[in-house]
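Okay, structure first, notes after.
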Amino acid sequence: MGYNQIADPDQRRLFVEQAVKNTAAAYKPSSFFDRATDFFLDELEWIDGNGLASVEGYLAADRVGRMAALQPSQRRAVWNIRKNYMATRAAGGYPYDWAALPAAVRTSLAADMTARRYKHIVVDEAQDLSPESIRSLAEAIPRDGSLTLFADYAQQIYGQRVSWRSCGLKVAKTEVFLDNHRNSPEIARLAIAMAQMPHFRDSADLVEPRAPQRAAGAKPTLVSYPSIEVEAAGVAASAATFGKVARVGVLARTRAEARLAVRGVAGVRMLHDKMQRWDIEAGVYAGTYHSAKGLEFDVVFLPFCGAARCPDSDTVAAFGYDEAASRESRLLYVGVTRARDELIITHTGDPTPLLPAAESGLYQVTT
């Protein structure tokens, strides 16, 4: 693999958009090709992530994670888009994208007869790895080596919906961790209730954790505001107050929303993927649900959880309501489970239907 041969996400999007246009030109007019680019990006990533090398394999595959199944003719069209995309990408000087790397790694490892460098590989947050990524890791160890995966199925936020059964691994031993050592009992009960909602119905491997054996704390607080502007200002003021004595996380779907919710707060530390260290002192931290994976805070604010904004309208346009709800509910689950002691969820208008109802008894409800 040469230098600078991997298409980045922005380049990948442009190549896919061109491939959709090129492929559509060979078909009769169809609204299928008018779907959002995110839909096609997701489907092509799923194909690569499952190591499907032929249209026959794609047609036969059980598409876990797609609420509304594509018809065979639509899958054939997607496959043609994929072929056009790969040709367009290669012509642009990029033989690979990140989704295609696991298959390329497997091919290279199959031809590599030298001793493996690592005997034991341990992976955290493994629920977001594709089957092909897991297979590539399995082939990177010797026959007497081990691959250990730690995963929480309810936190699958990248659309993979991986079932370990699909990875073809010979699992020698499975340990199920049931005890919750992070959240207060009240926060844990909300998370468990979320995991029991219909949006989690395709998580065949989901294991319900036991509520933590900790002293009772405060119920999560559900706060209603009259407008987005007032909501953002209210969250910022409260976060600043809590941040004087505790680690506070302000988490939202996008960085723009997270910044809006902490506007005017002094000393905010933004979460991002390239963080080199994790501070443990009191203060306000802000970022996306994705950037907060694996972290925990004494207090968490989840702003903008109104029905008009959650699920996100662009995600609904790309995938349909049911699938968007499935994806977005897992993002919320990640946000909820970052909180150790206090959780404040705010909204304008009606609260999102992706959370248990305000009348469920799981919250302190305020306006």
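The opening residue of the sequence shown carries number 1 in the UniProt record's numbering; numbering runs sequentially from there. Beta carbons: idealized from backbone N, C-alpha and C, even for Gly.
Rounded separation between residue i and residue j - CA only
i: Ala26; j: Tyr58; result: 21 Å
i: Pro198; j: Gly234; result: 32 Å
i: residue 405; j: Thr337; result: The structure shown does not extend to residue 405, since the chain is modelled only from 1 to 367, so the question has no answer here.
i: Val334; j: Ser31; result: 34 Å
i: Asp350; j: Thr174; result: 42 Å
i: Arg116; j: Asp341; result: 45 Å
i: Glu186; j: Leu362; result: 7 Å
i: Asp128; j: Lys293; result: 11 Å
i: Val223; j: Leu14; result: 41 Å
i: Arg89; j: Val230; result: 46 Å
i: Phe39; j: Arg76; result: 15 Å
i: Tyr321; j: Asp144; result: 46 Å
i: Ser130; j: Thr367; result: 42 Å
i: Leu190; j: Leu331; result: 14 Å
i: Met270; j: Pro72; result: 44 Å
i: Val316; j: Ala324; result: 5 Å
i: Gln5; j: Ser313; result: 34 Å
i: Arg35; j: Val78; result: 12 Å
i: Asn84; j: Val268; result: 45 Å
i: residue 401; j: Ala140; result: What is shown of the chain runs 1 to 367, which leaves residue 401 out entirely.
i: Tyr289; j: Arg259; result: 13 Å
i: Arg12; j: Ala216; result: 49 Å
i: Ala236; j: Val265; result: 6 Å
i: Asp62; j: Gln74; result: 15 Å
i: Val105; j: Asp10; result: 23 Å
Nearest-angstrom beta carbon gap, residue j and residue i [assumed within contact, 8 Å]
i: Arg82; j: Ile134; result: No, Arg82 and Ile134 are not in contact; Cβ-Cβ is about 22 Å, not under 8 Å.
i: Tyr118; j: Ala7; result: Not quite, the Cβ-Cβ distance comes to about 28 Å (not below 8 Å), so this is no contact.
i: His272; j: Gly287; result: 7 Å
i: Thr346; j: Pro311; result: Their Cβ separation, rounded to whole angstroms, is 17 Å, which puts Thr346 and Pro311 out of contact at 8 Å.
i: Ala126; j: Leu109; result: Rounded, the Cβ-Cβ distance is 19 Å, inconsistent with contact.
i: Val20; j: Leu41; result: 10 Å between Cβ atoms; not a contact.
i: Leu200; j: Ser54; result: Before going on, a small fix: residue 200 reads as Phe here, not Leu. Between Ser54 and Phe200 the Cβ distance is about 32 Å, and since that is not below 8 Å, they are no contact.
i: Asn80; j: Thr37; result: The pair is not a contact, with the Cβ atoms about 16 Å apart (cut-off 8 Å).
Nearest neighbour of residue i, chosen from the options [CA to CA]
i: Ala100; options: Ile280, Glu45, Gly145 and Asp128; result: Glu45
i: Val245; options: Val299, Leu354, Tyr225 and Val176; result: Val299
i: Cys167; options: Asn50, Pro303, Leu332 and Thr23; result: Asn50
i: Val176; options: Val20, Ala151 and Leu169; result: Ala151
i: Ala218; options: Leu343, Ala317, Asp34 and Ala90; result: Leu343
i: Ile192; options: Val365, Leu355, Thr107 and Gln18; result: Leu355
i: Ser238; options: Val262, Glu257, Ala53 and Leu251; result: Val262
i: Val248; options: Leu295, His181 and Pro29; result: Leu295
i: Ala256; options: Ala232, Glu56, Gln11 and Met113; result: Ala232
i: Glu281; options: Phe301, Ser146, Pro142 and Phe242; result: Phe242
i: Ser136; options: Ala240, Thr107 and Pro353; result: Thr107
i: Thr352; options: Val250, Ala308 and Ala61; result: Ala308
i: Arg221; options: Ala61, Lys28, Ala91 and Ala339; result: Correcting the residue identity first, residue 221 is Thr in this sequence and not Arg. Among Ala61, Lys28, Ala91 and Ala339, the Cα nearest to that of Thr221 is on Ala339.
i: Ala87; options: Pro29, Gln18, Arg327 and Ala103; result: Gln18
i: Phe297; options: Phe319, Gly264 and Leu251; result: Leu251
i: Phe319; options: Asp10, Ser146 and Ala69; result: Ala69
Status (buried if at least 16 other CB within 10 Å, exposed otherwise) for residue i
i: Met194; result: buried
i: Arg253; result: buried
i: Val171; result: exposed
i: Glu43; result: buried
i: Glu359; result: exposed
i: Glu132; result: buried
i: Val122; result: exposed
i: Pro226; result: exposed
i: Ile228; result: buried
i: Asp97; result: buried
i: Asp142; result: Looking at the sequence shown, residue 142 is not Asp but Pro. Exposed.
i: Ser326; result: buried
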